[in-house]
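Enquirer:
Numbering (our numbering), first residue to last: 10 to 311.
#1: Under 8 Å by Cβ, that's how I've got residue 223 and residue 269 pegged, so tell me the actual separation to the nearest angstrom.
#2: For residue 140, which of 167, 34, 282 has the nearest alpha-carbon?
#3: State the start and end residues of the unbroken alpha helix (DSSP H) segment that holds residue 74.
#4: Report back the beta-carbon spacing between residue 209 and residue 232 to the nearest angstrom; my notes put them in contact at under 8 Å.
#5: Run the CB neighbour count on residue 239, radius 10 Å, all protein chains shown included, and call it buried at 16 or more, exposed below.
#6: I'd like to know whether the C-beta atoms of residue 114 and residue 120 end up nearer to each other than 8 Å.
#7: With a threshold of 16 other CB atoms inside 10 Å of the CB of residue 179, please say whether the residue is buried or exposed.
#8: Taking contact to mean 3 or more Cβ pairs, one atom from each stretch, closer than 8 Å, check whether the region 72-89 and the region 40-59 are in contact.
#9: Measure the Cβ-Cβ separation of residue 294 and residue 26 and say whether it is below 8 Å.
#10: Return the bridge partner residues of residue 184 from the DSSP annotation.
#11: Just confirm the distance between the C-beta atoms of residue 156 and residue 108, as a whole number of angstroms; I'd bet it's less than 8 Å.
#12: I think residue 282 touches residue 99, with their Cβ atoms under 8 Å apart; what is that distance to the nearest whole Å?
#13: So residue 198 and residue 207 are in contact, right, with Cβ under 8 Å, and what is the actual spacing, rounded?
#14: How is residue 225 classed by DSSP in three states: helix, strand or coil?
#15: Taking the beta strand (DSSP E) that residue 13 falls in, what are its first and last residues?
#16: Let's test the definition: count the other Cβ atoms within 10 Å of the Cβ of residue 97 and tell me whether it reaches 16, buried, or not, exposed.
#17: In the DSSP output, which residue or residues are listed as bridge partners for residue 194?
#18: Taking only runs of the alpha helix (DSSP H) that begin and end inside the region 93-121, which ones reach a length of at least 4 residues, in chain order?
#19: What is the DSSP secondary structure of residue 131, reduced to helix, strand or coil?
#20: What separation, rounded to the nearest whole angstrom, lies between the Cα atoms of residue 190 and residue 131?
#21: Report the CB separation of residue 45 from residue 68 in whole angstroms; it is logged as a contact under 8 Å.
#22: When the Cα atoms are used, what is the spatial distance from residue 80 to residue 285?
#23: Leaving out the 5 sequence neighbours to the left and right, which residues in its chain are closer than 8 Å to residue 83 when beta-carbon positions are compared?
#24: Please report the distance separating the alpha-carbon of residue 247 from that of residue 169.
#25: When DSSP labels each residue in this structure, what does residue 89 get in the three-state scheme?
#26: Please report the straight-line C-alpha distance between residue 337 and residue 146, rounded to a whole angstrom.
#27: Tell whether a beta-carbon distance below 8 Å holds between residue 151 and residue 218.
Have a look at this one:
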C-alpha cells in the first residue's frame, strides 16, 4: 500500500507498519510519480498547489487524512468513495493557548509597550484587563472547549455558540442578541459556505464599543473591508492569526489599522501540535489497516 506523507517524521512513525510504502511529499515542487497508486494521502499543513488536479489523478485513493482541522481545500474535489478525515484535536492546545495570549496581549497593550521599550520610553498608564469580561466563543467545538478550560482561572464569563443550539450552548442564530454584551468575541468556526463572511458589517456593528475580536478560525470568516472600517473608527480591537487575503500582502490596510494585533497563522504551529499529529497518524493508519472505524470522519456539515 502506497502512502504519501508530508514529512520524514510522519514516514518514520509509520515505517514499521506491514506492507506500507511511505513516500514523502511536502508539497514543494512537482508531485512524485505514481499518484494513481496512492491509497492514503496525508497532505502537508500548507495546501498543495493544484490539489484539485492532483486528486483527479488519484484513482486508487481511499483515505485522505489531513493534518489540519479544516478540510475546505479538499472537500469539493474529493473523488467518490474516498473517506476524508481531519485532525480534530491535535491543534486544540496551541490554538487555545494563542487565543488566550492574544487576548491578554491586546487588552494589556503589550505591543505598545514593546514599541516603547524599543525606544527606551517609560510609558506608564492603566490598561484593559481580561478579568470580569464576557468572552463569547463562536464555534464551540473541541478547540472552544480547550479555550474554556484555559480561561477557567481568569475570572471571566464564557458564552458558547455553535451552529445549532444544545444544552449550555447557544445557536448561531442567537448571535445578534449575544454580541452586544460580549467584551471579547473569539472565532473558532470551520470554513464552510455557511461561515464565509459571517463576521460582516452587521456582526461587527452589533459588537459593543471597545470589544475585542479574536480570529483563530479562517480569514474568510471575516469581511476584511468591514473590519478595517471599524478598526479605523477606533471602535473595536482585533487580534488576528488569519486574514483574507492570506498571506497578507505588503501595503494592505490591515497592517497599519489601529487596534489590531497580527500573527502569521501560527496558532497551531507548535511542537505540541506536531507530537499529537504524529500520534493521530499512527493511530489512524493502524485502524485503517485493521479495517476498524476511523476517527474524525467528515460527513455532511462539520
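The C-beta atom is built at its ideal place from N, Cα and C for all residues, glycine as well. Keep in mind the model is a prediction, meaning the values are calculated, not measured.
Expert: Taking the coordinates as given:
#1: Position 214 of the chain shown, counting from 1, holds the residue named residue 223. Position 260 of the chain shown, counting from 1, holds the residue named residue 269. That belief does not hold up - the Cβ atoms of residue 223 and residue 269 are roughly 11 Å apart, past 8 Å.
#2: If you number the chain shown from 1, residue 140 lands on position 131. Nearest option by C-alpha distance: 167.
#3: Against the chain shown, residue 74 aligns to sequence position 65. No alpha helix (DSSP H) contains residue 74, which is instead part of the beta strand (DSSP E) from 72-74.
#4: Within the chain shown, residue 209 is the residue found at index 200, counting from 1. Within the chain shown, residue 232 is the residue found at index 223, counting from 1. Right, their Cβ atoms sit about 5 Å apart.
#5: The residue you call residue 239 lines up with position 230 of the chain shown. Answer is buried; the Cβ neighbour count reaches 16.
#6: Here residue 114 corresponds to residue number 105 of the chain shown, with the count starting at 1. Here residue 120 corresponds to residue number 111 of the chain shown, with the count starting at 1. Contact: yes.
#7: Indexing the chain shown from 1 puts residue 179 at position 170. It is buried - the Cβ of residue 179 has at least 16 other Cβ atoms within 10 Å.
#8: yes
#9: Working through the chain shown from its first residue, we reach residue 294 at position 285. Working through the chain shown from its first residue, we reach residue 26 at position 17. Their beta carbons are under 8 Å apart, which means residue 294 touches residue 26 by this criterion.
#10: As a position in the chain shown, residue 184 is number 175, starting the count at 1. None, per the DSSP bridge assignment.
#11: Counted from its first residue, the chain shown places residue 156 at position 147. Counted from its first residue, the chain shown places residue 108 at position 99. Indeed they touch by this definition, with Cβ atoms about 5 Å apart.
#12: In the chain shown, the residue the question calls residue 282 occupies position 273. In the chain shown, the residue the question calls residue 99 occupies position 90. About 6 Å; that satisfies the 8 Å criterion.
#13: Residue numbering aside, residue 198 sits at position 189 when the chain shown is read from its first letter. Residue numbering aside, residue 207 sits at position 198 when the chain shown is read from its first letter. About 7 Å; that satisfies the 8 Å criterion.
#14: In the chain shown, counting from the first residue as 1, residue 225 sits at position 216. Three-state DSSP puts residue 225 in coil, outside helix and strand.
#15: For this step, residue 13 is matched to residue 4 along the chain shown. Element bounds for residue 13: 11-14.
#16: Stepping through the chain shown from its first residue, residue 97 is reached at position 88. Classification of residue 97: buried, given that the 10 Å Cβ count is 16 or more.
#17: Here residue 194 refers to the residue found at position 185 of the chain shown. According to DSSP, residue 194 bridges with 145, 222.
#18: 101-116
#19: What you label residue 131 is simply residue 122 of the chain shown in a count that begins at 1. Coil.
#20: Locating residue 190 in the chain shown gives position 181, counting from the first residue. Locating residue 131 in the chain shown gives position 122, counting from the first residue. Spanning the two alpha carbons is a distance of roughly 34 Å.
#21: As a position in the chain shown, residue 45 is number 36, starting the count at 1. As a position in the chain shown, residue 68 is number 59, starting the count at 1. Right, their Cβ atoms sit about 5 Å apart.
#22: By one-based count along the chain shown, residue 80 stands at place 71. By one-based count along the chain shown, residue 285 stands at place 276. Going by the C-alpha atoms only, they are around 18 Å apart.
#23: Taking the first residue of the chain shown as position 1, residue 83 is located at position 74. Around residue 83: 52, 60, 64, 73, 75, 93.
#24: Translated into the one-based positions of the chain shown, residue 247 becomes position 238. Translated into the one-based positions of the chain shown, residue 169 becomes position 160. Rounded to whole angstroms, residue 247 to residue 169 spans 19 Å at the Cα level.
#25: In the chain shown, counting from the first residue as 1, residue 89 sits at position 80. Looking at residue 89 - three-state DSSP - the assignment turns out to be coil, as it is neither helix nor strand.
#26: This structure does not reach residue 337, given that the chain is present from 10 up to 311, and the question cannot be answered.
#27: As a working mapping, residue 151 is identified with position 142 in the chain shown. As a working mapping, residue 218 is identified with position 209 in the chain shown. The answer is no: Cβ separation not under 8 Å.
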